[in-house]
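Student:
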Amino acid sequence: MSDLFDLQGRRVTVTGGTSGIGQAIARAFLEAGARVIITGRSETRGAEAATALAPLGEVHFVQGDAGSEEDAARLEMAVTERLGGLDVLVCAAGTNRRMAPQDLSVADWDAVQDANLKSVFLTCRALYPLLKEGGDGRIITVGSMMSVLANEASSAYAAAKGGVVQFTRSLAVSWAPDGIRANSLLPGWIDTPLTRQARQDIPGLDDRVTGRTPLGRWGTPEEMAGTVLFLAAPASRFVTGAAIPVDGGYLMRG
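Residues in the sequence shown are numbered consecutively from 5, following this note's numbering.
1. With a 10 Å radius around its C-beta and 16 neighbouring C-beta atoms as the bar for buried, classify L11 as buried or exposed.
2. Suppose you measure from the CA of M5 to the CA of A239; what does that come to, to the nearest Å?
3. Measure the CB-CB distance between T22 and G50 and report whether it falls below 8 Å.
4. Once the 5 residues before and after I196 are set aside, which same chain residues still bring their CB inside 7 Å of it?
5. Look at V16 and V92 and say whether their C-beta atoms are less than 8 Å apart.
6. Please name the residue or residues paired with L259 in a DSSP beta bridge.
7. Counting beta carbon pairs with one atom in the segment 168-186 and one in the segment 75-85, are three or more of them shorter than 8 Å?
8. Whole angstroms is fine: what's the gap from G89's alpha carbon to R212's?
9. Between S188, G138 and P181, which has its C-alpha nearest S151's C-alpha?
10. If you follow the alpha helix (DSSP H) that I41 is part of, which residue opens it and which one closes it?
11. Counting only the same chain and skipping the five closest in sequence on each side, list residues whose C-beta sits under 7 Å from that of N100.
12. If we count the other Cβ atoms within 10 Å of its Cβ and call it buried at 16 or more, is Q106 buried or exposed?
13. Among L209, R142, R39 and G253, which residue has its Cα nearest to the Cα of I184?
14. Tell me, to the nearest whole angstrom, how far the beta carbon of L126 is from that of G167; I am working on the premise that it is less than 8 Å.
15. Nearest to A97 by alpha carbon, out of D112, S72, L219 and A104?
16. Ignore the nearest five residues each way along the sequence and tell me which others in A229's own chain have a CB closer than 6 Å to its CB.
17. Starting from the C-beta of K165, find all residues in its chain whose C-beta is less than 7 Å away, skip the five residues before and the five after it, and write them out in chain order.
18. Kindly give me the distance between the Cβ atoms of A70 and S109, rounded to whole angstroms, as I take these residues to be in contact under 8 Å.
19. In whole angstroms, what is the alpha-carbon distance linking A76 and V232?
20. Out of P59, T43 and G138, which has the shortest C-alpha to C-alpha gap to D182?
21. T43 and G272 - do their beta-carbons sit closer together than 8 Å?
22. Based on Cα-Cα distance, which residue from A186, A53, L235 and P191 lies nearest to Y132?
See below:
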């Protein structure tokens with residue numbers, strides 16, 4: 005039983021690992037004894053995150069845009085150089101632009117698709133050889149309950165996250181012969197910088213979320229990390245292609 009959740013020495017990359025859910029996931033892996041690379045666009049934020057996480061274990065920051073093909077190739081080289089291979093890839097990079105569909109510009113649409121969906125494709129494609137080489141690779145993508153639900157201000161985001169879930173399922177089928185498992189996390193309303201901004205922009209959002217969530221509160225980034233650790237651990241060897249809600253029961257109410 006003790007080996008079921010053993011992540012000691014596992015080589016992990018977390019895109020979008022400099023803040024919010026991504027940083028909480030990186031922290032949890034370090035506390036479990038993994039070796040971790042975090043990525044993000046901001047050099048300053050990345051350096052600050054790496055400094056904050058360094059007391060927990062071996063962590064490296066690689067600056068780059070997850071939606072850039074060139075940066076994905078650079079990430080593959082950095083992972084090879086610094087970790088010597090890869091066991092777990094967590095795709096947590098993403099953003100949203102909250103507006104009605106008719107108000108979205110093509111630039112808005114492309115920015116959301118690139119940050120949330122294209123980034124997953126490029127990163128997974130670039131790091132696939134390393135995951136295959138290890139023989140027990142794990143991919144965990146951060147989707148959203150918006151891949152199932154819809155609202156008036158998140159059409160681009162919902163489309164992107166729906167794509168993430170379906171792409172992850174495709175990886176689960178395509179790369180199963182290579183020993184790679186691929187699963188998605190569907191966070192509910194989580195207390196992050198992104199959702200704090202939404203609470204400022206949308207009157208009454210806080211009360212609506214807590215009133216509709218059976219557990220009666222917002223989730224924390226740390227509560228996302230626990231499910232990710234399970235999906236990365238030996239305990240989940242027979243789990244692939246799943247999309248797991250971590251939402252306090254929000255989706256049950258439709």
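The beta carbon of each residue, even a glycine, is placed where N, CA and C say it ideally should be.
This structure is a prediction, so every number in the text was calculated from the model and none was measured.
Tutor: Quick answer:
1. As a working mapping, residue 11 is identified with position 7 in the sequence shown. Result: buried.
2. By one-based count along the sequence shown, residue 5 stands at place 1. By one-based count along the sequence shown, residue 239 stands at place 235. Bear in mind that the predicted position of M5 carries a pLDDT of just 49, short of 50, making it too unreliable to give a figure here.
3. As a first step, residue 22 is located in the sequence shown; it is residue number 18 there, counting from the start. As a first step, residue 50 is located in the sequence shown; it is residue number 46 there, counting from the start. Pairing T22 with G50 gives a Cβ-Cβ distance under 8 Å.
4. By one-based count along the sequence shown, residue 196 stands at place 192. Checking the displayed sequence, the identity of residue 196 turns out to be Thr instead of Ile. For T196, where only same-chain residues beyond five positions count, the Cβ hits under 7 Å are G24, I25 and P225.
5. Counted from its first residue, the sequence shown places residue 16 at position 12. Counted from its first residue, the sequence shown places residue 92 at position 88. Cβ distance < 8 Å, so V16 and V92 count as in contact.
6. The question about residue 259 has no answer, for the chain in this structure spans 5 to 258.
7. No: fewer than three Cβ pairs fall under 8 Å.
8. The sequence position of residue 89 within the sequence shown is 85, counting from 1. The sequence position of residue 212 within the sequence shown is 208, counting from 1. The alpha-carbon atoms of G89 and R212 are separated by roughly 45 Å.
9. Taking the first residue of the sequence shown as 1, we reach residue 151 at position 147. Selected option, being the one with the closest Cα: S188.
10. Within the sequence shown, the letter at position 37 stands for residue 41. First-last for I41: R39 to G44, but that is the beta strand (DSSP E), not the alpha helix (DSSP H).
11. Within the sequence shown, residue 100 is the residue found at index 96, counting from 1. Result list for N100: V116, S158, Y161 and L198, in chain order.
12. Numbered from its first residue, the sequence shown carries residue 106 at position 102. Flag for Q106 reads exposed.
13. The sequence position of residue 184 within the sequence shown is 180, counting from 1. The candidate whose alpha carbon is nearest that of I184 is R142.
14. Taking the first residue of the sequence shown as 1, we reach residue 126 at position 122. Taking the first residue of the sequence shown as 1, we reach residue 167 at position 163. With 8 Å as the limit, L126 and G167 do not qualify as a contact, their Cβ atoms being about 13 Å apart.
15. Taking the sequence shown and counting its residues from 1, the one referred to as residue 97 is at position 93. Out of D112, S72, L219 and A104, S72 has the C-alpha closest to the C-alpha of A97.
16. By 1-based counting over the sequence shown, the position of residue 229 is 225. The residues are A28, I29 and A32.
17. By 1-based counting over the sequence shown, the position of residue 165 is 161. Result list for K165: N120, G147, S148, M150 and S151, in chain order.
18. Along the sequence shown, read from residue 1 onward, the residue named residue 70 stands at position 66. Along the sequence shown, read from residue 1 onward, the residue named residue 109 stands at position 105. About 22 Å separates the two Cβ atoms, so there is no contact after all.
19. The sequence position of residue 76 within the sequence shown is 72, counting from 1. The sequence position of residue 232 within the sequence shown is 228, counting from 1. In a straight line, the C-alpha of A76 is about 22 Å away from that of V232.
20. By one-based count along the sequence shown, residue 182 stands at place 178. If we check each option's Cα against that of D182, G138 comes out closest.
21. With the chain covering 5 to 258 only, the question about residue 272 has no answer from this structure.
22. For the purposes of this step, residue 132 is taken as the residue at position 128 of the sequence shown. Minimum Cα distance to Y132 is reached at A186.
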